[in-house]
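Chains as they are written, first to last, in my numbering: chain A, 3 to 512; chain B, 21 to 515.
Note that CB positions come from ideal geometry on N, CA and C, so glycine has one too.
From a predicted model like this one, the values you see are computed outputs, not experimental measurements.
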Amino acid sequence: MTFHSILFERMEENPEKALEEPEFFINLNLDQVVKAITAGKQEYNLKPFFYVPLKDIDSIKYRQEIFRDLQNDILFENIKSFAQKMFIMREYLKQRDKLYYESQKKRLFLDAVEIYCEAVDRLAQDLSATNLRSRGFRALREYLTGYVGSAVFNLLWAETKKLLADLSSVKYSLIIYDNKIKVRKYESEADYSVEVEETFQKFKQGAVKDYRVKHDTGVSMNHIEAQILDFVAQQHPDIFSNLDNYCSKNTSYLDRTIAVFDREIQFYVAFLEYAEELKRTGLKFCYPEVSDQDKEVYDYEGFDLALAYKLIGQKLPVVCNDFYLKGKERIIVVSGPNQGGKTTFARIFGQLHYLASLGCPVPGKTAKLFLFDRILTHFEKEENIQDLQGKLLDDLVRINHILDQATSNSVIIMNEIFTSTTLDDASILSKRIMEKTIQLDVLCVWVTFIDELASFSEQTVSMVSTIVPENPALRTYKIVRKPADGLAYAVAIAEKYRLTYNSLKERVKV
Amino acid sequence: MNVFLMYPDRDYDAKQSIPPNAEALTEDLELNILFNAMTRGDDFLFDAARQSILSGLDSPDFIRYRQAILQDCLTHPEVIRQIYRIPIQSIENKRRHWMGIFSRYPSSVLHGGRELLTMFVGLLKTLKQIADEHAADFESEGFKRFFSMIQQELSDDYFALVESHLKTLQFRDGVLVSAELGTGNEGANYVLRKSNHEGQSLVKRVLTRKSPSYSYRLDPRDDHGAVALGQLRDKGINLVANAVGQSADHIDNFLNVLRLELAFYIGCLNLAEQLAQFGGAITLPEPSPSNERQLTCTGLYDVCLALTMKKKVMGNEVHADGKDIVFITGANQGGKSTFLRSIGLAQLMMQCGMFVPAETFSANVCTGLFTHYKREEDTTMKSGKFDEELGRMSAIIDHIRPDTMVLFNESFAATNEREGSEIARQIVRALLDKHVKVYYVTHLYELASGFYNQQMENAIFLRADRQRSFKLAEAEPLRTSFGTDLYNKIFRAES
């Protein structure tokens with residue numbers, strides 16, 4: 003098998019286009035998730051990789067295998083150190099392009115090639131020493147072994163090393179006195195700073211301020227430094243003419259497949275680093291079993307990535323939730339008190355399915371998910387006081403559009419629809435939509451305030467947001483399977499203020 | 021070089037955290053009166069006194085180490101004050117002459133550091149002189165070590181070497197720097213070199229040199245070049261400037277530590293002088309290990325009360341060796357609180373190595389001292405008084421370890437006697453089981469008599485008498501605290 007890409011096993015799968023964010027991204031907070039994942043990695047332009055769900059189970063497995071291999075900490079560090087070196091290489095080349103003096107430009111090119119050779123050779127060695135299971139990494143290893151064994155690479159590296167060794171052997175002395183500077187060969191004079199330090203050694207206790215100044219490197223040389231370098235070059239003419247030849251010969255040293263790998267592997271690195279931050283607070287991730295046939299799905303201890311990321315930033319606890327659908331069950335109807343985590347629950351369902359389709363690990367202890375053809379979401383838009391009629395109409399148009407697009411392999415997320423009409427109207431309309439949804443046999447999460455939907459048919463499952471009875475103001479953010487009971491919240495508040503029927507009977511004396 | 025006057029083996033850490041109950045201790049034991057007497061308005065001394073008294077030592081050996089040094093201080097106060105003036109002088113010099121390292125440029129770090137070192141050398145010479153004159157008169161392990169270290173490390177040869185460096189560091193003949201080619205062929209690894217031809221002028225040497233050299237002279241109008249040359253020179257002296265700057269800081273630190281560690285003893289001297297004015301007794305106490313139970317004292321008085329009244333106050337004699345709990349009951353305004361405070365103060369003073377306001381005093385050290393005093397009504401309306409008391413108790417419990425000492429003053433009286441006694445009984449019982457030493461001033465008869473009737477060997481009951489002599493005597497708790505006496509006294513006086 004030849005190696006093409008660490009993201010796609012076969013060339014033809016690779017869409018290679020700068021894509022737009024899918025429509026449902028904002029509703030599911032996936033825009034925030036992808037933003038957080040790719041933060042700090044802008045130069046790799048990773049976002050498009052997150053915009054393309056995979057279409058078959060084998061492609062998902064290809065990536066899951068790679069993720070699993072990368073959970074080997076040593077391999078993960080190897081990859082990161084490779085990326086770091088490639089980054090430095092690019093920095094050298096960028097600096098070179100900004101510079102003015104030729105002898106400096108050429109040296110930066112040499113430095114860039116050196117770190118490239120090191121990076122590639124190191125990675126090839128690291129991969130050979132690692133027990134790899136994924137098809138992707140095995141193919142890469144084969145490719146790299148071939149590359150570093152090739153005559154082209156070996157010649158490049160040998161020349162690079164030789165030149166660097168020659169240059170680093172150059173040592174010279176400067177004498178600075180008033181406005182005059184002299185350059186001559188170094189004559190093994192003693193280090194004076196050490197002597198001063200030793201004299202005062204006896205007073206040393208504890209840490210003191212470091213007065214060393216970090217002099218900027220990589221800024222363009224000034225004419226004094228250039229003049230000095232010129233003198234040094236005159237003292238070593240052979241070395242500097244070899245450098246000239248080397249540069250003109252090796253302009254296209256960079257291997258294209260390796261450059262592509264360097265970018266694409268960051269998809270995995272970025273996701274794993276992001277997940278690690280969440281895992282550190284005790285949250286779990288797992289590799290979901292993904293099926294394109296079986297609609298029995300489940301996830302235990304799942305959470306909303308975007309919300310969790312925000313909460314751990316504020317050192318707040320994250321509440322996890324479970325769901326499962328068995329047999330004929332297809333639709334989770336979520337009802338219960340407001341601010342109880344219903345919308346979050348709906349997002350979890352959507353996020354998990356989407357991440358699974360990218361081949362990524364998903365939040366949760368264990369999960370089985372469905373490979374959808376499309377995700378369709380309907381979330382309430384901003385309230386518009388002026389035009390209630392218009393909003394209901396808009397709702398209907400959008401839902402109609404969703405049901406048109408949906409196939410039995412889709413995933414639908416509905417969040418509080420028909421809030422802009424009377425309860426009776428909303429109830430009637432919702433039931434109609436529910437009938438259509440059930441006919442489609444589609445997986446769906448439906449957040450609603452209409453209790454009757456919860457027990458609509460054997461395809462629907464009722465889940466309810468919960469409260470602490472003693473203190474209704476306290477949110478649990480737990481969504482549990484139980485019959486919808488619109489009274490629970492009100493009853494609890496009443497009890498707190500002793501206004502239930504029984505309490506009132508006791509308190510009101512005849 | 022280390023000062024080591026507070027610990028035999030380490031520097032005093034001025035930043036160590038003071039215990040969480042510091043505020044309560046300060047309030048309940050009136051510690052600010054003590055601190056002020058030790059410091060006479062000097063903020064630095066105040067902080068040092070506060071820090072050392074609030075974070076005392078657990079080890080009797082360490083306490084004795086400080087006691088010996090304190091004894092030397094009490095014998096030679098004028099020498100101690102003379103040494104203390106050295107770091108003070110350094111601070112004044114810096115302020116008056118604008119000395120210090122105020123910029124990050126190597127050339128100014130070098131300049132500032134060199135100036136400081138020159139000034140420090142003068143002060144260190146004074147210190148050496150004091151050591152030479154007085155070392156023989158001191159007896160404590162701490163001072164013997166300190167003086168002999170000064171005499172050994174700061175020899176005349178050493179001062180000569182330092183002065184020669186300070187001269188070289190002016191670089192009158194220019195700087196000699198070695199370099200290599202680094203990233204991008206820029207100069208790297210600049211190292212300042214000492215010429216192989218010391219003594220000869222560098223310029224002269226270069227001019228007579230035979231090996232090939234290239235030279236470049238700046239055009240006088242080339243301002244950029246002058247800046248670049250200055251930067252290059254800075255790179256060359258970067259490391260030596262750092263070495264000079266850090267050496268100056270190290271000596272500065274040494275002087276600061278000296279000031280800090282002496283500050284405690286200066287505070288003790290100040291206090292001793294004040295107590296001597298009205299004949300208040302002081303004694304170096306005998307500490308015993310924390311797992312023992314010891315308290316024997318004669319003439320123990322409340323130093324804060326004495327300082328406030330500026331006269332000798334009544335002392336108490338107690339023999340409570342082997343006792344885990346001391347109950348103090350008896351007449352209102354009979355000296356119970358004063359006694360409790362004198363116990364707390366003496367314990368704190370002993371454990372930081374100070375003398376104690378008493379004729380004799382011996383006690384076991386404790387692993388922490390906590391006070392639980394009845395408080396004024398909480399004005400924030402956050403919680404009821406009893407709530408608040410239990411809350412504070414719970415906070416204390418969080419920090420208690422075996423061999424801690426807790427002083428209760430009328431605790432848990434904010435409810436009725438039965439409830440208060442029962443809660444207090446359960447708490448005290450638990451503390452004793454955890455090997456905590458307890459002093460309890462109380463009017464709760466049920467509590468005190470309950471323990472009394474058990475005839476425990478490890479409990480002692482002291483009582484303030486009705487005549488209000490402010491002397492406590494060992495006696496059974498009584499059902500009354502003679503409050504009516506006071507009532508009668510006040511009302512008779514008014515009528």
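Buried versus exposed call for I230(A) [16 or more other C-beta atoms within 10 Å across all chains shown]: buried
Cβ pair count under 8 angstroms reaching 3, the region 170-185 of chain A against the region 101-121 of chain B: no
7 angstroms Cβ cutoff, D75(A) in contact with chain B: no
Cutoff 7 angstroms: Y149(A) Cβ touching any chain B Cβ: no
R400(A) beta carbon less than 7 angstroms from that of H380(A): yes
Inter-residue spacing [alpha-carbon to alpha-carbon] between V321(A) and V23(B): 55 angstroms
Closer than 7 angstroms to chain B by CB, I183(A): yes
A277(A) to F287(A) span [Cα, whole Å]: 8 angstroms
Proximal residues of chain A, C-beta to C-beta of M58(B) below 7 angstroms: Correct list: empty, because the minimum Cβ distance to chain A is about 27 angstroms.
Option in R70(B), H419(B), R486(B) with minimal Cα separation from I53(B): R70(B)
Beta-carbon neighbours of R237(B), restricted to chain A and to distances below 7 angstroms: N181, K182
Euclidean distance between Cα positions of E298(A) and M91(A): 49 angstroms
7 angstroms Cβ cutoff met for I481(A) and G366(A): no
Under the three-state DSSP convention, the category A209(A) falls into: coil
Buried/exposed call for G148(A), threshold 16 Cβ in 10 Å: exposed
L482(B) beta carbon less than 7 angstroms from that of E466(B): no
Extent of the continuous beta strand (DSSP E) to which P307(B) belongs: 306-308
Partner residues on chain B for G208(A), Cβ-Cβ distance less than 7 angstroms: N273
Assigned secondary structure, Y234(B) (DSSP; H/G/I helix, E/B strand, else coil): strand
Backbone secondary structure at D398(B) - three-state DSSP: Here D398(B) scores only 45 on pLDDT, less than 50, and its place in the model is too uncertain to base an answer on.
Test: G404(B) CB closer than 7 angstroms to a CB of chain A: Only weak support is given to the placement of G404(B): the predicted model assigns it a pLDDT of 46, under 50, and the value that follows is read from those uncertain coordinates. False, the Cβ-Cβ gap to chain A never drops below 7 angstroms.
Distance between R279(B) and M26(B) (C-alpha atoms, nearest Å): 12 angstroms
In DSSP terms, what C288(A) is bridged to: V364(A)
Rounded C-alpha distance that separates D33(B) from Q149(B): 28 angstroms
Coil, strand or helix - A513(A) by DSSP: Summary: the structure shown does not reach residue 513(A), with chain A confined to residues 3 through 512, and so no result is reported for it.
Endpoints, alpha helix (DSSP H) assigned at G138(A): 137-151
In DSSP terms, what Y393(B) is bridged to: N429(B)
Members of the region 258-270 of chain B near chain A, C-beta cut-off 9 angstroms: N258, L259, V260, A261, N262, A263, V264, G265, Q266, S267, A268, D269, H270
Residues that R92(A) contacts on chain B, provided the C-beta gap is smaller than 9 angstroms: Here the premise fails: no neighbours, minimum Cβ distance about 14 angstroms.
Helix, strand or coil at S337(A) [DSSP, three-state]: strand
Beta carbon proximity, N133(A) to chain B, threshold 7 angstroms: no
Alpha-carbon spacing of D75(A) relative to E275(A), whole angstroms: 12 angstroms
Neighbour-count burial assignment, G142(B), 16 or more Cβ in a 10 Å radius: exposed
Within 8 angstroms of chain A by C-beta, residues of the region 167-180 of chain B in sequence order: E173
Same chain only: Cβ atoms within 8 angstroms of G207(B), ignoring 5 sequence neighbours per side: A199, E200, L201, L252, K255
T201(A) at chain B interface by Cβ criterion, 7 angstroms: yes
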